[in-house]
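Colleague: My questions all concern the structure below.
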Amino acid sequence: MDDFYLFANCNFVPDRYNDWQAAYDDLASYVYSSEPTTKTYYFGIPIDYAHDYSKATSMFAFEIYGSRDFLERVPAASTTDLDLNHYRLVTGFLDSSRSSAPAEIMQDIRITCTSPVSRNILRDSLTKLVETVQTEASKAAGTGDILTYMAFASLDDDIGARIFGRWRARDGLERFIRRVDVKDFWMENKENYLAALAVIAPYLYDRYVALAPMLANAPGKFEDLNAFKAHEVRFGDRLRNCEDVLFEEGMGVAFLSCNPGRDRWNTVMGTFAPPVTKRDGQDSAHIWIYDYSTPDIPDSEAIKPLKLEDYPNADDFQPLGIEFDAGTSTLYVINHSRNTGNIIEVFHVSVQDAVAKHMVTLKHPLLETPNSIHSLGGGKMLITNDHYIGSLKSRILSKIETFSGIPGGSVVYTDIHNPSHTKKLTHVPFANGIAMTNSTTVAVASSSKSGVYFYAFSPDTTTLEFIKSIRVPFAVDNLSVDGAGKLLMAGHPFAPGLMAVSKGRSRCDVQGSEEERKACECTAPSWVAEWTEQEGLKTVYKNSGKEFCSSSTFARDVAKNIGIVTGLYEKGLLVVKS
């Protein structure tokens, strides 16, 4: 009879793990001496309890038997019966080390397909992936990161599948799950499965790490902090809902992307209220130029809106991320248009005249949810997509993608002069801001994983290779790099607060009823930080939202000691000195 493979999840009475372990030590001795059909046991506990096994409240087991007639002994320390699931092997390898090398971490993914036919399709695709991994493991001759990688089909039903893997260390698993072929497998098979649940520590711990800071930043727990030498909110009577800012230090100006219309149209957050008649000077979106370098310039002259020339879509201008190529005076603007979808607008800018002449509009199927841009020069760009399923397609699925941490977002390379060269480089959960810390390192913000991913960029092959990621205690929005090489970031420490503001803003009318005026308020907290490899993460500003809310970007001119923080739903800018 063929071997069959068993996955078991069991729960313990709190503080009874040691009793369980003692019972299984006895069982292991018996099985080794008296149960020849038992071929292997692998046990794992959640990473949450790696510091103290005795506190563990659950355990995962992977076992192989040559027969279904095996001994089950469940000690009284268990709070529930064993959750047993039986499988047959499709393909894979059990021990690439050939020496029973210990694993620091295991990953178990349980898949429920939409139908038996879908399982067959997924099985074929999974077989190709596993065989590729197995070939690489064989070449490593027992020294590779991956000790076990196996694909299974359920014996209990005809729609279940499973993937089990063991890694020498966690960083090996982190590299593996970010491989292009691994992420492509999941994205290409989305229609074939209803759910894919990673049932043990790596995934669950990862979501805990991402969500725990948000809970710690809830109202009543949040503490303000200000490390700036000076700061003030400016231009509150002229600017509103500014999402992005970038400094052009050679010109002494900053570009600002501001859109009051975000109150009623936000494709990232899922706000789709019908448009209203625009009030002159209050509701129109603009790219503003801020002259921060001319001494004693009055506020009325310091900021000017760019006049858009030869632009046919001015009434449906919904700007988000922006980028400026000073060498060619080219401004790139992500436009989440109501009528034409998510597009990239390209302008030639005269800063002196405050004029932006429209050159071309870029629309591409790989750029469905564009969020942020980094220019490589000469029309070449790296662009983030924040979701695979945007809110325009499905609000519910988009939110599931956000809070589950599924890597549906992406980084895409494109060239406005050769759009056919557009290609997807990597997947990132809720990919948001993007910047280069040096000529070869790309940083990408992940809003759902509360962190920043770093990649090595090869301009010759136009590829990204994952280096590492860092965690931060807030959902990072946009990134920038200052003249000293510091990575600057701003974001949202309490997502439910930001979602509440976004949901209510469609009713905002400062001249309306008390309820409509109240909808214009913004109480979403802000968090601003900087990071370097040498010093790590340093928080420079935290606010509950009473002074400045919904921070989205932090950028600065180090030489002139001026910085700007924008607020997604805030009036004005937070202008700071370090």
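Each residue of the sequence shown is one higher than the one before, starting from 738 at the first, in the working numbering.
C-beta atoms are modelled at their ideal positions from N, C-alpha and C, and glycine is treated no differently.
Just so you know, these numbers come straight off a predicted model, no measurement behind them.
(1) Secondary structure at G1309, three-state DSSP: helix, strand or coil?
(2) Excluding the 5 residues flanking L859 on each side, which residues of the same chain have their C-beta closer than 8 Å to its C-beta?
(3) From which residue to which residue does the alpha helix (DSSP H) around N954 run?
(4) The alpha helix (DSSP H) that contains F913, what's its start and end?
(5) Between H823 and I801, what straight-line distance do the alpha-carbon atoms span, to the nearest angstrom?
(6) Where does the unbroken alpha helix (DSSP H) through S1141 begin, and where does it stop?
(7) Measure the beta-carbon distance from V982 to F972 and round it to whole angstroms, keeping in mind my assumption that it falls under 8 Å.
(8) Please work out which residues of its chain come closer than 7 Å, Cβ to Cβ, to V1277, disregarding the five sequence neighbours upstream and downstream, and give them in chain order.
(9) So K920 and P1144 are supposed to be a Cβ contact under 8 Å. How far apart are they, rounded?
(10) For R1075, decide whether its Cβ has a neighbour in chain B, counting only Cβ atoms nearer than 8 Å.
(11) Identify which residue in G781, T1159 and I842 has its Cα closest to the Cα of E1105.
(12) Under a three-way DSSP split, which group does T1106 fall into?
(13) Going by Cα to Cα distance, which pick from E960, A838, G1249 and D893 is closest to K1279?
(14) Going by beta-carbon coordinates alone, are S994 and L1057 separated by less than 8 Å?
(15) Taking DSSP's pairing of strands, which residues face F1203 in a bridge?
(16) With L863 as the anchor, note down where its alpha helix (DSSP H) starts and where it stops.
(17) So, for M738: in the same chain, excluding its five sequence neighbours on each side, which residues have a beta-carbon less than 6 Å away from its beta-carbon?
(18) Return the residue from the list I1171, P751 and T1198 that minimises the CA-CA distance to G1188.
(19) Taking only runs of the beta strand (DSSP E) that begin and end inside the segment 1207-1255, which ones reach a length of at least 3 residues, in chain order?
(20) K1044 lies in the beta strand (DSSP E); which residues open and close that run?
(21) Quick one, are the C-beta atoms of H1095 and D1047 less than 8 Å apart?
(22) Nearest to N857 by alpha carbon, out of F830, A838, L884 and F889?
(23) Given a cut-off of 8 Å on the beta-carbon distance, is the pair T869 and F830 in contact?
(24) Which runs of the alpha helix (DSSP H) fall wholly inside the segment 1007-1067 and span at least 4 residues, in chain order?
(25) Please report the residue range of the beta strand (DSSP E) in which K920 lies.
(26) Taking the straight line between their C-alpha atoms, what separation do you get for K1100 and W1002?
(27) Measuring CA to CA, which of F1231, Q1248, S1250 and K1255 is closest to R1242?
(28) From the DSSP output, in three-state form, read off Q758 for me.
(29) State the DSSP-derived secondary structure class of G987, mapped to helix, strand or coil.
(30) What are the start and end residues of the beta strand (DSSP E) that includes V750?
(31) Would you mind giving the Cβ-Cβ distance between S791 and N748, rounded to the nearest angstrom? I have them listed as a contact below 8 Å.
(32) How about P1262 and S1239: are their beta carbons less than 8 Å apart?
(33) Here's the rule I'm using: 16 or more other beta-carbon atoms within 10 Å means buried, otherwise exposed. How should G1304 be labelled?
(34) Cβ atoms of I1080 and Y1069: under 8 Å apart, would you say?
(35) Compute the Euclidean distance between the alpha carbons of P939 and E911, then round it to the nearest angstrom.
(36) Should the segment 1121-1129 be regarded as contacting the segment 1137-1155, the criterion being three or more beta carbon pairs within less than 8 Å?
Modeller: From the atom records:
(1) Counting from 1 along the sequence shown, the entry for residue 1309 is found at position 572. Three-state DSSP puts G1309 in coil, outside helix and strand.
(2) The residue labelled residue 859 in the question sits at position 122 within the sequence shown. So the list reads I848, C850, A898, N926, N929 and Y930, once near-sequence residues are dropped.
(3) Taking the sequence shown and counting its residues from 1, one reaches residue 954 at position 217. Premise fails: N954 is in no alpha helix (DSSP H) and is neither H nor E.
(4) For the purposes of this step, residue 913 is identified with residue 176 of the sequence shown, where counting begins at 1. Residues R907 to I914.
(5) As a working note, residue 823 is residue 86 in the sequence shown. As a working note, residue 801 is residue 64 in the sequence shown. Looking at the two C-alpha atoms, the distance is approximately 10 Å.
(6) For this step, residue 1141 is matched to residue 404 along the sequence shown. That run of the alpha helix (DSSP H) goes R1132 to S1141.
(7) The residue given as residue 982 occupies position 245 in the sequence shown. The residue given as residue 972 occupies position 235 in the sequence shown. Wrong, their Cβ atoms sit about 12 Å apart, outside the cutoff.
(8) Position 540 of the sequence shown, counted from the first residue, corresponds to residue 1277. Excluding residues within five positions, the ones whose Cβ falls inside 7 Å are A964, F965, V1265, A1266 and E1267.
(9) On the sequence shown, position 183 is the one that residue 920 refers to. On the sequence shown, position 407 is the one that residue 1144 refers to. 6 Å between Cβ atoms; contact.
(10) In the displayed structure, chain B is absent; only one protein chain is listed.
(11) Translated into the one-based positions of the sequence shown, residue 1105 becomes position 368. Comparing Cα-Cα distances from E1105 to each of G781, T1159 and I842, the minimum goes to T1159.
(12) As a first step, residue 1106 is located in the sequence shown; it is residue number 369 there, counting from the start. Coil at T1106, not helix or strand.
(13) As a first step, residue 1279 must be located in the sequence shown, where it is residue number 542. When each option's Cα is compared against that of K1279, the closest is E960.
(14) Sequence index remark: in the sequence shown, residue 994 carries index 257 (1-based). Sequence index remark: in the sequence shown, residue 1057 carries index 320 (1-based). Contact: yes.
(15) Working through the sequence shown from its first residue, we reach residue 1203 at position 466. BP columns for F1203 point to Y1192.
(16) Within the sequence shown, residue 863 is the residue found at index 126, counting from 1. Per DSSP, L863 belongs to the alpha helix (DSSP H) from P853 to K876.
(17) Sequence index remark: in the sequence shown, residue 738 carries index 1 (1-based). In this prediction, M738 has a pLDDT of 38, which is less than 50 and means its spatial position is unreliable; nothing more can be read from the coordinates.
(18) As a first step, residue 1188 is located in the sequence shown; it is residue number 451 there, counting from the start. Nearest option by C-alpha distance: I1171.
(19) 1212-1218 and 1224-1229
(20) Taking the sequence shown and counting its residues from 1, the one referred to as residue 1044 is at position 307. Looking at the DSSP string, the run of the beta strand (DSSP E) that includes K1044 is K1044 to E1046.
(21) For the purposes of this step, residue 1095 is taken as the residue at position 358 of the sequence shown. For the purposes of this step, residue 1047 is taken as the residue at position 310 of the sequence shown. Yes, Cβ-Cβ distance for H1095 and D1047 is below 8 Å.
(22) As a first step, residue 857 is located in the sequence shown; it is residue number 120 there, counting from the start. When only C-alpha atoms are compared, the closest one is F889.
(23) Along the sequence shown, one-based indexing puts residue 869 at 132. Along the sequence shown, one-based indexing puts residue 830 at 93. No, they are not a contact pair.
(24) 1036-1039
(25) The count along the sequence shown starts at 1 and reaches residue 920 at position 183. No beta strand (DSSP E) holds K920; the alpha helix (DSSP H) holding it covers V917 to E925.
(26) For the purposes of this step, residue 1100 is taken as the residue at position 363 of the sequence shown. For the purposes of this step, residue 1002 is taken as the residue at position 265 of the sequence shown. Each residue's Cα considered, the two are about 19 Å apart.
(27) Taking the first residue of the sequence shown as position 1, residue 1242 is located at position 505. When each option's Cα is compared against that of R1242, the closest is K1255.
(28) Position 21 of the sequence shown holds residue 758. DSSP places Q758 in helix when its eight states are reduced to three.
(29) In the sequence shown, residue 987 corresponds to position 250, counting from 1. If DSSP states are grouped into helix, strand and coil, G987 belongs with coil.
(30) Along the sequence shown, read from residue 1 onward, the residue named residue 750 stands at position 13. Premise fails: V750 is in no beta strand (DSSP E) and is neither H nor E.
(31) Taking the sequence shown and counting its residues from 1, one reaches residue 791 at position 54. Taking the sequence shown and counting its residues from 1, one reaches residue 748 at position 11. S791 to N748, Cβ: 15 Å. No contact.
(32) As a first step, residue 1262 is located in the sequence shown; it is residue number 525 there, counting from the start. As a first step, residue 1239 is located in the sequence shown; it is residue number 502 there, counting from the start. In this structure, S1239 does not lie closer than 8 Å to P1262 by Cβ.
(33) Counting from 1 along the sequence shown, the entry for residue 1304 is found at position 567. G1304 comes out buried.
(34) Here residue 1069 refers to the residue found at position 332 of the sequence shown. Here residue 1080 refers to the residue found at position 343 of the sequence shown. Their beta carbons are not under 8 Å apart, which means Y1069 does not touch I1080 by this criterion.
(35) Counted from its first residue, the sequence shown places residue 939 at position 202. Counted from its first residue, the sequence shown places residue 911 at position 174. For P939, the pLDDT reaches just 47, beneath the cut-off of 50, and the residue's location in the model is therefore unreliable, although a value from the coordinates is still provided. If you take the alpha carbons of P939 and E911, they lie about 9 Å apart.
(36) yes
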